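Written out below as structure tokens is the structure these notes cover.
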Amino acid sequence: MTAIRTERTGDELKSLAESAGRDLEEASALEILTWAAETFGPRFCVTSSMEDAVVAHLASRVLPGVDVVFLDTGYHFPETIGTRDAVEAVMDVNLITLTPRRSVAEQDAEHGPRLHDRDPDLCCALRKVEPLEEGLTAYDAWATGLRRDESPTRAGTPVVGWDEKRRKVKVSPIARWTQADVDAYVAEHGVLTNPLLMDGYASVGCAPCTRRVLEGEDARAGRWAGRAKTECGLHG
Ligand code: SF4
67 MTAIRTERTG DELKSLAESA GRDLEEASAL EILTWAAETF GPRFCVTSSM
117 EDAVVAHLAS RVLPGVDVVF LDTGYHFPET IGTRDAVEAV MDVNLITLTP
167 RRSVAEQDAE HGPRLHDRDP DLCCALRKVE PLEEGLTAYD AWATGLRRDE
217 SPTRAGTPVV GWDEKRRKVK VSPIARWTQA DVDAYVAEHG VLTNPLLMDG
267 YASVGCAPCT RRVLEGEDAR AGRWAGRAKT ECGLHG
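With the working numbering applied, the sequence shown corresponds to residues 67 to 302, in that order.
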């Protein structure tokens with residue numbers, strides 16, 4: 067195993083991300099995660115929306131006890147919180163829950179109720195983007211479950227890329243997977259999934275901004291449906 071360096075400049079990280087993105091384009095998810103674990107060690111984490119635990123499961127195979135970061139916006143479905151609790155109970159991961167600075171009640175008092183209906187970009191900024199940015203300061207690299215087949219906005223997702231906004235390496239080990247690949251991995255390894263996936267939801271986010279998808283819609287069509295918004299700001 068190569069020695070893990072714990073202090074790298076942003077330019078070094080960017081260069082690492084760009085070369086790994088090229089070198090690992092054809093690599094398997096486990097190979098990509100092995101590279102991340104060997105390169106960053108404890109300065110690498112997985113972020114999970116608890117739609118499923120596929121990337122957390124993959125990462126725990128190459129880095130047992132890996133940090134898995136979950137953003138509790140205060141607006142999640144009970145099924146999502148239950149999935150988080152089950153992942154923490156049964157998987158070899160260190161589950162870390164991030165919360166926004168303000169509770170939903172405090173946000174309502176400051177901005178008025180149902181900010182998600184009136185200004186979802188601000189709501190996402192306060193409840194997702196800000197806490198994630200604070201939570202990621204301890205890491206040089208983070209893994210996501212982004213896949214190219216999820217939506218046109220994600221079609222160009224690199225397996226390893228540079229997150230300029232946060233100055234971190236962003237690893238998407240299953241970027242090249244299809245939904246069928248995910249389903250096969252879940253079945254083979256008995257991976258935990260959010261029960262809402264069996265109830266018509268194809269992508270699970272905050273309850274006020276998520277609906278079931280209709281036949282023929284892409285997986286993320288149920289997120290902020292009826293609005294131009296397609297991403298929460300974590301990946302854009
Ligand atoms: Fe707010 Fe909706 Fe964004 Fe969740 S997804 S943070 S409820 S706007």
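Think of the CB as a built atom: it goes at the ideal place given N, C-alpha and C, for glycine as much as any other residue. This one's a predicted model, so the numbers in the text were calculated from it and none came from an experiment.
Residue burial is scored here from C-beta neighbours: A241 has at least 16 other C-beta atoms within 10 angstroms and is therefore classed as buried. Collapsing the DSSP output to three states places W208 in a strand. Annotated three-state conformation of I240 is coil, per DSSP. Counting along the chain, the unbroken beta strand (DSSP E) around G227 starts and ends at 226-229.
In the three-state reduction of the DSSP assignment, C111 falls in the strand class, which pools E and B.
Contact between the stretch 164-177 and the stretch 253-260 is absent: fewer than 3 CB-CB pairs across the two stretches fall below 8 Å. Out of L300, P197, L263, A291, the CA that lies nearest to the CA of F143 is found in L263.
Annotation: E283 to I162 spans about 33 Å, alpha carbon to alpha carbon. A buried status is given to D206, since no fewer than 16 other beta-carbon atoms sit within 10 Å of its beta-carbon. The alpha-carbon of A171 is positioned some 42 Å away from that of E78. Pairwise C-beta distances place the stretch 230-246 out of contact with the stretch 178-193, as fewer than three of them are shorter than 8 Å. Selection around ligand 1 by beta-carbon proximity, strictly under 6 Å to any non-hydrogen atom, yields T139, Y141, H182, P186, C189, C190, R193, K194, G271, C272, P274, C275, C298 in chain order. A contact between stretches requires three or more CB pairs, one per stretch, nearer than 8 Å, and the stretch 261-278 meets this requirement with the stretch 130-150. The Cβ neighbour count for P224, taken over all protein chains shown within 10 Å, is at least 16; the residue is labelled buried. Using a 10 angstroms sphere on the CB of A246, the tally of other CB atoms stays under 16, which defines it as exposed. Per DSSP, T296 is not a residue of any beta strand (DSSP E), being assigned neither H nor E.
With contact defined as three or more Cβ pairs closer than 8 Å, the stretch 209-222 and the stretch 149-158 are not in contact. Note that the C-beta distance between V112 and V121 is below 7 Å.
Contact between R278 and S217 is ruled out by a C-beta separation of about 16 Å, above the 8 Å threshold.
Within the same chain, A95, I98, L99, V121, L124, A209, V225 come within 7 Å of P239 by CB-CB distance, once the 5 residues on both sides are set aside.
A straight line joining the alpha-carbon of D185 with that of T146 spans about 23 Å.
Counting along the chain, the unbroken beta strand (DSSP E) around D133 starts and ends at 132-137. One thing to note: S114 has its Cβ no nearer than 7 Å to the Cβ of V132.
The Cβ atoms of V195 and A83 do not sit closer than 7 Å to each other.
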